[in-house]
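Only one structure is covered here, and it is reproduced in the block below.
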Amino acid sequence: MHHAVGPLLSVDVSERTAETEDADDVLEAFIGGRGVGTKLAHDRIPFDADPFSPENRVVFATGPMQFSQMSFTGRMSATGLSPLTNGLLSANAGGFLSRNFTGAGYAAVEVTGASDELLAVHVTDEGVEFEEVPDLAGATVSEVTEYVKAEHGLGEDQIACVGPAGENRVRFASIMTTEHRAFGRGGLGAVLGSKNVKAITFDGDAQPEVELPDVTMEIHREAATRDHPMKKAGTTSVTEYANHVGALPTRYFSELEFEGVEGISGDRVAEKKFKKGTCSSCAFACKLPTKDEESGLETEGPEYETVMSFGSNSGVDDIVSVMKSNDLCDEFGMDTISCGDVVAAYLASEDAFGDSELIHETVEKIARREGIGDLLAEGIDRCHGELGVENWTAKGMEFPAHDGRKLNGQGLSFATSNRGADHMYAEFYSKEYPLVSKDEAVDPEGLEGKAPMVVEKENRNAVLDSAVVCKFSRDFVDDDRLSTLLGADYDDLLAVGARIVDLERGFNNRRGFDREDDAVPYDLPGFDEALDEYYETRGWNADGTVPDAGASGAASAGD
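Here the working numbering runs 2 ahead of the position in the sequence shown, where the first position is 1.
Structural data, given as structure tokens:
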């Protein structure tokens with residue numbers, strides 16, 4: 003089985019030391035990316051650690067596909083203990099960082115400890131430098147980028163950093179790279195902020211060679227030549243269709259259709275797109291550099307989930323307003339889904355849906371924890387009671403679009419996801435709209451027979467996140483091609499995916515997660531029966547725990 007290569011670099015910012023160690027056994031068993039990050043985090047983070055403690059770690063990792071030039075591979079993974087969900091979580095970012103990361107010569111880099119001074123950590127193929135950067139306190143993502151360019155001659159594609167939100171421990175703060183790309187969900191930016199790490203840079207020419215099959219070039223050619231709606235409007239190409247079928251959350255989840263959808267549709271985004279945008283080595287080019295000539299606003303995005311959270315869910319029908327919200331989140335370093343939903347909850351409490359000025363003011367207050375922003379920075383799960391609104395989260399994570407009340411299998415997958423309310427963990431919505439071929443599509447209504455399908459999708463996506471291959475490769479990387487790319491039987495790959503999911507669940511079980519946490523804030527037909535079938539398919543206990551959870555990996559320091 004093909005896997006990432008190179009040593010593990012452990013960076014302790016408390017002691018300002020960096021040590022390398024062999025990680026071949028982990029790489030061979032877990033491929034790379036999310037799998038390797040999950041295994042390392044499971045074994046090295048104490049089960050009882052506080053997410054903001056020095057004992058927590060952030061593990062950055064690539065997979066074998068980052069050693070190719072294939073489309074859909076300009077991504078990498080970060081894993082740690084989430085301050086939003088209080089469980090183990092991996093986030094995934096696109097852009098151009100991954101190849102510079104491999105150029106530094108490591109398969110994985112973990113950051114642990116906590117510095118007494120604000121730091122930038124520079125990782126190269128010759129070693130690690132710790133730079134005190136007190137002048138960057140409170141700096142935005144673009145200001146950090148400009149500093150690193152000016153002082154070190156490094157590009158935006160070599161930087162992972164946090165904005166003010168990360169420093170202020172906003173529980174949904176992102177780690178940002180290439181200015182507008184985010185390790186978005188779960189608050190890993192706040193974990194780096196708690197360690198007093200403002201930025202990490204990667205540079206070098208030590209990337210080893212990994213021999214991969216010729217199918218990489220076939221996939222690359224097809225990505226370049228095949229027509230696809232996402233090449234025009236990215237993920238926002240689904241906006242009006244989701245609204246048409248009644249799966250677009252509106253006005254803080256109180257409705258499922260938005261009468262102002264035309265103003266935030268994929269066509270409106272396409273009108274603002276002024277050039278092609280992509281990730282490293284990808285010919286699919288589905289990203290969205292956008293510009294509003296009237297205001298002078300230039301940004302990247304918004305993607306569909308942001309159109310939902312800051313658009314329909316906030317009662318906003320103006321794409322420029324959504325662009326501004328998106329840009330503010332990128333500058334301050336926050337997940338646009340969680341931030342937009344939190345803002346929507348606040349708007350609901352104030353009866354202020356559609357107030358763009360209030361929205362933009364509130365985004366900045368959240369990032370800086372000023373006024374009402376200090377409460378909202380805790381996330382909906384922790385602030386809904388004080389706001390007097392319903393708790394629209396799963397495992398403490400705010401919901402994306404693709405509403406499970408219409409797409410019932412997606413609703414089940416929101417409940418079972420170890421990350422919480424995350425649409426990409428199983429990506430089951432693609433089968434229910436459908437965005438796949440007729441033979442793969444399923445009726446969106448009901449849950450009968452869907453639990454085993456959710457299990458397979460979760461396992462397969464764990465493999466993609468370990469490879470690392472973009473989920474939007476679904477029309478180009480079928481099961482046979484995935485097997486060919488990774489040099490392993492498909493069933494064996496699914497078994498690797500299952501082990502990754504088991505490790506996540508077992509870690510979270512040790513932190514108190516069980517069946518009660520596998521829930522959504524609405525009724526689904528046959529939910530309890532489907533959950534039973536899901537656990538049985540996975541070989542878990544009926545209470546949602548992994549049998550002998552502590553035995554699925556070596557005991558951590560907190561065991």
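Each residue gets a CB set at the ideal place from its N, CA and C atoms; glycine is no exception. None of these values were measured; they are calculated from a predicted model.
- Counting along the chain, Val247 sits inside the alpha helix (DSSP H) bounded by residues 241-247.
- For the pair of segments examined, the stretch 133-146 was found not to touch the stretch 42-51: the number of CB pairs separated by less than 8 Å stays below three.
- Its Cα nearest to that of Arg476, the residue Ser439 stands out among Leu488, Ser439, Val15, Pro527.
- With 16 or more neighbouring CB atoms inside 10 Å of its own CB, Phe355 falls in the buried class.
- For Cys341, there is no enclosing beta strand (DSSP E); the enclosing alpha helix (DSSP H) covers residues 338-352.
- Taking one beta carbon from each stretch, the stretch 217-229 and the stretch 280-299 have 3 or more pairs nearer than 8 Å; the two touch.
- Counting along the chain, Asn463 sits inside the alpha helix (DSSP H) bounded by residues 453-469.
- Three or more beta-carbon pairs separated by less than 8 Å link the stretch 301-317 to the stretch 228-241, which places the two stretches in contact.
- With fewer than 16 other CB atoms across the displayed protein chains lying within 10 angstroms of its CB, Glu359 is exposed.
- Taken through DSSP and simplified to helix, strand or coil, Gly129 comes out as strand.
- Fewer than three pairs of CB atoms, one per stretch, sit closer than 8 Å, so the stretch 326-334 makes no contact with the stretch 347-354.
- About 16 Å separates the beta carbons of Leu99 and Lys200, which is beyond the 8 Å limit, so they are not a contact pair.
- As computed with DSSP, Ser79 is found in a beta bridge with Ala63, Asn94.
- DSSP, reduced to helix, strand and coil, places Phe416 within a helical segment of the structure shown.
- For His386, the number of other beta carbons within 10 angstroms of its own is at least 16, and it is reported as buried.
- The stretch 272-317 is shown to contain whole alpha helix (DSSP H) runs of 4 or more residues at 306-312, in chain order.
- Burial state of Thr19 is exposed, judged by a 10 Å Cβ sphere holding fewer than 16 other Cβ atoms.
- Ser196 and Gly186 have their alpha carbons spaced roughly 17 Å apart.
- The DSSP-derived three-state label of Asp137 is helix.
- Counting along the chain, the unbroken beta strand (DSSP E) around Asp14 starts and ends at 10-14.
- Secondary-structure assignment with DSSP links Val111 through a beta bridge to Leu11, Phe62.
- Secondary structure at Arg507: helix, using DSSP grouped into helix, strand and coil.
- Closest by C-alpha distance to Ala167, out of Asn198, His154, Val150, Pro56, is Asn198.
- Setting aside the 5 residues that flank it on each side, Pro136 is surrounded in the same chain by Glu119, Leu120, each with a C-beta closer than 8 Å to its C-beta; the list follows chain order.
- In this structure, the CA atom of Arg513 is about 15 Å from the CA atom of Phe54.
- Judged by DSSP in its simplified three-state form, Arg171 adopts coil rather than helix or strand.
- DSSP places Cys331 within a helical segment (H, G or I) once states are collapsed to three.
- Residue Glu181 holds the alpha-carbon nearest to the alpha-carbon of Glu300 among Ala443, Glu181, Val7, Ser16.
- In the DSSP annotation of this structure, the continuous segment of the alpha helix (DSSP H) that includes Met232 starts and ends at 232-235.
- By the neighbour-count definition (other C-beta atoms within 10 Å, threshold 16), Asp205 is a buried residue.
- A distance below 9 Å separates the beta carbons of Val28 and Leu42.
- In terms of Cα proximity to Leu349, the closest of Gly188, Thr126, Arg253, Leu83 is Arg253.
- Residue burial is scored here from C-beta neighbours: Ala379 has at least 16 other C-beta atoms within 10 angstroms and is therefore classed as buried.
- Here the stretch 246-260 makes no contact with the stretch 270-277; the two share fewer than three CB pairs at distances below 8 Å.
- Sorting His230, Gly381, Asp294 by C-alpha distance to the C-alpha of Met399 places Gly381 at the top.
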